[in-house]
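Input: a single structure, listed below in structure tokens.
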Amino acid sequence: MFRDDLRKNPGLFMAAKHFRLKDELIPKGLDDMLEDMDKANVEKAVIMSLDSSASEHWALKRSMLSNDEVAKLVSRYPDRFIGYGSVDPRRKDAVEETERCIKELKLKGMKFHPAAVSTYPNDEKLFYPIYEKCVEFNVPVQSHCGTTGMYFTKIKYMMPLLYDDVAVDFPTLKLVLLHFGVGGWHDQAMSLAFRHPNVYLDISGASPRIYPQSLIVSANTPFYQGKILFGTDYPFVGMQSWFKAFKQLKGFGWSEETQRKVLRDNCIHLHDSAPVSPLDILRGEGIDVPPGARR
């Protein structure tokens, strides 16, 4: 999100005002972002589009970075950025645009903001065909989960439990719940990551100083340490300020293995690994699974 682009999307602009984000902390362009990454020793970052263009609300019609713009930015520095596309599921060409993002633009996943598109993430008519396409190409889906400072939206679309349907119905869809249910729903989000092999949590959108204790403690266990992904929601949370707080908090007391996985390895695994469903686990143990069973 760059300074001039922010003004194109009034919803996100109001979110920036809500979080008291100063203009000087918003990068003017890619070079500023790269400089911030270098200062924070961040080797690679994810750049995401946001499409809510089918909205009836004037403030949400204007998307933040198009899919083509994201692909263009990534092509300039392919070793530093991972690109994600986005599509408003209410668009008539939503499935076709999803396929174009993956096949033509070579983007590595799809990102959604259910509140911005006023659509529940478990909507079988609008979202499920998109998920099917993502499963077909084995790309992750990252979706906002929890409250939001983005005005003109309703957070009823962001409850973590809504994703339980998605995880069950698409057991090989790699699903990342962005912001770990921040705003009071983190326990719901953590229960989904515990329950489903294909569900991950991203810890962006909040300072380490306000992470819930249950998340901090659980992340340091063998089960959860492979399920949590580092993120900042830059520039809402600055990269340097995140690591400064993390250091002051003595890394939450996380082991070296947990820090390595959360800060780096889990992201690599998410994009490089083949999906594993509960049925795969059963088959691996010699349990008889009916032919053609999906779940």
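Residue 13 in my numbering sits at position 27 of the sequence shown, with consecutive numbering throughout.
Yeah, the Cβ is synthetic: ideal placement off N, Cα and C, and Gly gets one too.
Because the structure is a prediction, the values reported are computed rather than measured.
- Rounded to the nearest whole angstrom, the CA to CA distance from TYR70 to CYS120 is 12 angstroms.
- In terms of CA proximity to LEU201, HIS172 leads the group HIS172, TYR220, PRO183 and GLY212.
- Here LEU215 is not near ASN184, since their CB atoms are 8 angstroms or more apart.
- Linking ASP54 to ARG77 through their CA atoms gives a straight-line distance of about 17 angstroms.
- Per the C-alpha coordinates, the member of VAL81, ILE68 and ALA192 positioned closest to VAL223 is ALA192.
- Of GLY278, ASP258 and VAL154, the smallest CA-CA separation from PHE123 is found for ASP258.
- Taking all protein chains in view, the Cβ of SER38 is crowded by 16 or more other Cβ atoms within 10 Å, so the residue is classified as buried.
- Each residue's CA atom was taken as its position, placing TYR63 and LYS213 some 27 angstroms apart.
- A buried status is given to ALA205, since no fewer than 16 other beta-carbon atoms sit within 10 Å of its beta-carbon.
- Within the same chain, CYS131, GLY132, PRO146, GLN174 and ALA175 come within 7 angstroms of GLY167 by CB-CB distance, once the 5 residues on both sides are set aside.
- In this structure, the alpha-carbon of GLU21 lies about 12 angstroms from that of ARG66.
- Positions of the alpha helix (DSSP H) runs, each at least 4 residues long and wholly inside the stretch 182 to 227, are given as 199 to 205 in order along the chain.
- Residue ranges of uninterrupted alpha helix (DSSP H) with 4 or more members, entirely inside the stretch 70 to 94 and ordered along the chain, are 80 to 89.
- Distance check between LEU148 and each of ASP109, LEU268 and GLY278 places ASP109 closest, using alpha-carbon atoms only.
- Counting the other Cβ atoms within 10 Å of the Cβ of VAL203 gives fewer than 16, which makes it exposed.
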